[in-house]
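Contents: one structure, followed by commentary.
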Amino acid sequence: MHILKVICSLSFRHGGPTVACLNQARALADRGHKVTIYTTNDYDDSLLKVPLNQTYQNIKKDGYEISYFSLTFHSISLLRKYYFSIPLKQTLSETILKYDIIYIYSLYRFPPTITAYYARKYQIPYVINPHGSLDPFLFKKKRWIKFPHERLFDFPNLNHASAIHFTSLEEQQLVTPLKLKSPGIIIPLGIDVKQYRYLSKGHFRRQYNLFESKILLFFGRINFKKGLNLLIPAFSQIIKKHEDVTLILAGPDNEGYGKKVSKWINEYNLEKNVIFTGMITGEKKKALLADADVFILPSYTENFGIAVVEAMAAGIPVIISDKVNIWREVKEGNAGIVVSCNVQEIAKACIELLSDDTLRHTMGENGKIIAENLFSIENTAKKLEESFIEIIKKYKSKCESTT
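So in the numbering used here, spot 110 of the sequence shown is number 1040, and the numbers just go up one at a time.
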């Protein structure tokens, strides 16, 4: 198959979608498929210095190709946030017929909107991954701007898709009230589990002089939906029971939400026990995961939670809210504690795990098994490949029957 994947940005500051896109591209290429990614040159507040509006070869490294397209009028904030790109539009119109299937990331932005338009125009099967944007918690926000875009573009594109890719049963169930017409496929996101099997301990602790501390790790964007307004007051209770605990907040602050978090930290006099690291990737991220004692993600909404899977793969027991859509897998596999979005429950769960070395070890080992069995990129890519083959087969049969 020749697969086209379209995503607004490959900046790691956007978290899960970027990681998922690259992992899937590499895994599908490893399975013998030709994979091309179309994206923009967005990189947070700056622009990537890469060859633009042409195919950038990445074959030697991971087996797939990336084409970066320049943002148009990127100095205009509204168009920048919409990822508007005329070169992307032109290239799609010229090249889309050479692809067997198209995989589209997210909604409400120009790249997914224009890609679905051309896929429909030229009758190429396409799959949309909404990445949690249809979750009621997010769906209800900014309705004044979302509603017209949905009616004009997103719902027609969703309803004409060959499939909608949900990464968990929970995500699919949450969008049932929208009565979308296209069939759903449920396939988890995958990670390269092998990267987390043999991690060297001590590097992160040495860097921050934390040899006498237990590490409670929050790893994700510093964002309103992540439940940090619950975590900070909960941590003020935790510290009364465990004075030796340090809370690590690791992740990018894209929207300036970190100012609010810092204010709460100061109000609870937690400055000495909280460390902001900013965004951490690569070997530094592995070093952090190697040294963490407990992982915490009390999100108000999380369509998957790839950071949770990475933590489990590293053998860290996890505490997540029941709004993280893989909470069932965590609970059934006894890989951590599932809580509601409640300060008292979060504090209680953290205190329980931090107080029990045996429980942390048991849950950490269970997490490794879950990550290997359910969320390895090899397994999830195989399922995605099978779905693509079936979609293409049905689409061709449908087209032949109408001619």
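Glycine included, C-beta positions come from ideal geometry on N, C-alpha and C.
Take the alpha-carbon of N971 and the one of L1227: they are about 30 Å apart. The Cβ neighbour count for Y968, taken over all protein chains shown within 10 Å, is at least 16; the residue is labelled buried.
Annotated as distal: I1246 and G1181, with beta-carbon spacing of 8 Å or more. Of F1318, A1243, E1330, C938, the smallest CA-CA separation from R1010 is found for C938.
Considered as a whole, the region 1010-1060 harbours 1016-1025, 1040-1051 as its complete alpha helix (DSSP H) runs of no fewer than 4 residues, in chain order.
Your pair K1155 and Y1230 checks out as a contact, with CB atoms roughly 5 Å apart and the cut at 8 Å. Within the same chain, F1014, S1015, I1016 come within 6 Å of T1002 by CB-CB distance, once the 5 residues on both sides are set aside. Of the residues assessed, N1303 falls on the exposed side of the cut-off, its CB having fewer than 16 other CB atoms within 10 angstroms.
Between the C-alpha atoms of E1080 and I1115 there is a straight-line separation of about 21 Å.
Only residues of its own chain outside the window of five on either side were considered, and among them V1191 have a CB closer than 6 Å to the CB of L1158, listed in chain order. CA-to-CA, the gap between E1240 and I1307 works out to about 12 Å. Beta-bridge annotation (DSSP): K964 is paired with H932.
Membership of S1251 in any alpha helix (DSSP H) is not indicated; the residue belongs instead to the beta strand (DSSP E) covering 1248-1251.
For H1079, the uninterrupted alpha helix (DSSP H) segment begins and ends at 1073-1079. Burial is judged here by how many other beta carbons sit within 10 angstroms of a residue's own beta carbon; F1234 has at least 16 and is buried. In the DSSP assignment, the residues bridged to D972 are L977. Under the 10 Å beta carbon count, G1062 is surrounded by 16 or more other beta carbons and is classified as buried.
In this structure, G1186 is the residue among G1186, V1105, V936 with its C-alpha nearest to the C-alpha of D974. Excluding sequence positions up to five before and after H1004, its CB lies within less than 6 Å of the CB of R1010, all in the same chain and listed in chain order. Here L1068 has G1062, K1155, T1231 as same chain residues with Cβ atoms under 8 Å from its own Cβ, once five neighbours each way along the sequence are excluded.
The closest CA to that of E1173, considering only S1143, S1251, E1197, is found on S1143. In the structure shown, K1111 falls within a coil segment according to DSSP collapsed to helix, strand and coil. The DSSP-derived three-state label of I1094 is strand. With a cutoff of 8 Å on beta-carbon distance, I1152 and L1179 are scored as near each other. With a 10 Å radius around the Cβ and a threshold of 16 neighbouring Cβ atoms, N1089 comes out exposed. Contact annotation: the region 1317-1333 touches the region 1030-1037, with at least three C-beta pairs closer than 8 Å. Counting only the Cα atoms, N1184 lies some 21 Å from P1042.
Under the three-state reduction of DSSP, V1239 is assigned to helix. By the beta-carbon neighbour count (other beta carbons within 10 angstroms, threshold 16), K1216 is buried. Fewer than three beta-carbon pairs drawn from the region 1276-1284 and the region 1091-1100 are found closer than 8 Å, and the two stretches are therefore not classed as touching. For T1207, the enclosing beta strand (DSSP E) covers residues 1204-1208. T1176 has I1145 as its beta-bridge partners, per DSSP. Per the coordinates, the alpha-carbon of P1078 lies some 28 Å from the alpha-carbon of N1255. Between the C-alpha atoms of E1201 and D1221 there is a straight-line separation of about 21 Å. Ranked by Cα distance from D1065, the first of Q1102, R1258, Y1128 is Q1102. For I1226, there is no enclosing alpha helix (DSSP H); the residue is part of the beta strand (DSSP E) that begins and ends at 1224-1227.
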